[in-house]
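With the working numbering applied, the sequence shown corresponds to residues 30 to 232, in that order.
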Amino acid sequence: MRLTEACRRHGFRVSVEPPSADAPRPGSTLLGHPLDPILAGLYSQAGRATLGDIELYRPGFGPDGVLDVNAWLRGRGQAPFPSCVLFGQVSNLAYYYGVVPGLADARGVQPVVYIDMQEELLVVPVASSVDWLLNQLARFMELLPEDPDFVPGRCSTATFPFAAAGLIARDTALVEMLRAGRFDGLVTRDEESQRWMRQVLGQ
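Here you go:
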């Protein structure tokens, strides 16, 4: 995986647990939705994983399990959690990544949204698939050493995706979905989210 390679190359943390015996299989459901095939592939290879400052939940119960994390956030009764399946977050921050089953393509591949709950709620689409997200995060991490404030071995993706509109715009499938209004109703209407959307769309 490119993200794992990027972390190792720059001395960022890499911790990958073996796959869970009860990991959901391709073609099954997760939290009442069809399981994203790319997530199914990840779950067949690993359980909980930490790559840099990105945490990928284990496919099961527990405080870092996909079932309990989603149940806790859905219990808040707040959009967009009922329509998403969260699968990861930035370590120690309320920045989450989730697939949107209702926007799956013909192959069942689901796009990814970024949800910021650190202060006010922000929701923006960031990738046409989990693969695209992980590759974009790898590219972002590879640029971190160019920052004058970079500390060797310390990874921070806290400014992703708002500092990475150019990277996100390379995902042509995502851009096409944005232009078609597929994410209308999910994206928050705050100034920061709307400005970032215009940057991705080249407006």
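The beta-carbon is built from N, C-alpha and C at its ideal position, and this holds for glycine as well. Source: prediction; values computed, not measured.
query, result
"What does the alpha-carbon distance come out to for the pair Ile-67 and Phe-169?", "21 Å"
"Quick one: any contact between the stretch 184-199 and the stretch 47-61, if contact means 3 or more CB pairs under 8 Å?", "no"
"Can you grab the Cα-Cα spacing for the pair Thr-217 / Arg-105, in whole Å?", "17 Å"
"Can you tell me which of the three DSSP states Tyr-86 falls into?", "coil"
"Is the Cβ-Cβ distance between Ala-209 and Gly-231 less than 8 Å?", "no"
"Of the choices Asp-213, Arg-183 and Gln-74, whose alpha-carbon is the least far from that of Val-153?", "Asp-213"
"Would you report the Cα separation of Leu-196 and Leu-115, rounded to the nearest angstrom?", "22 Å"
"How long is the line joining the alpha carbons of Met-226 and Glu-220, rounded to whole angstroms?", "10 Å"
"Use the C-beta contact count for Pro-53: other C-beta atoms within 10 angstroms, 16 or more gives buried, fewer gives exposed.", "buried"
"Where in the stretch 93-175 do unbroken runs of the alpha helix (DSSP H), each at least 4 residues long, occur, reported from the N-terminal end onward?", "95-103 and 159-172"
"What are the start and end residues of the alpha helix (DSSP H) that includes Ala-35?", "31-38"
"Taking the beta carbon of Gly-76 as the centre, do at least 16 other beta carbons fall within 10 Å, making it buried, or is it exposed?", "buried"
"Need the endpoints of the alpha helix (DSSP H) that Ala-222 sits in, please.", "Checking the sequence, you will find Ser at residue 222 rather than Ala. Looking at the DSSP string, the run of the alpha helix (DSSP H) that includes Ser-222 is 220-229."
"If you check the beta carbons only, do Ser-49 and Arg-87 fall under 8 Å apart?", "yes"
"By DSSP, does Thr-79 sit in helix, in strand, or in coil?", "strand"
"Just the C-alpha distance for Leu-71 and Gly-137, rounded to the nearest angstrom, thanks.", "15 Å"
"Going by alpha carbons, who is nearest to Gln-107 out of Gln-74, Val-229, Leu-151 and Thr-201?", "Leu-151"
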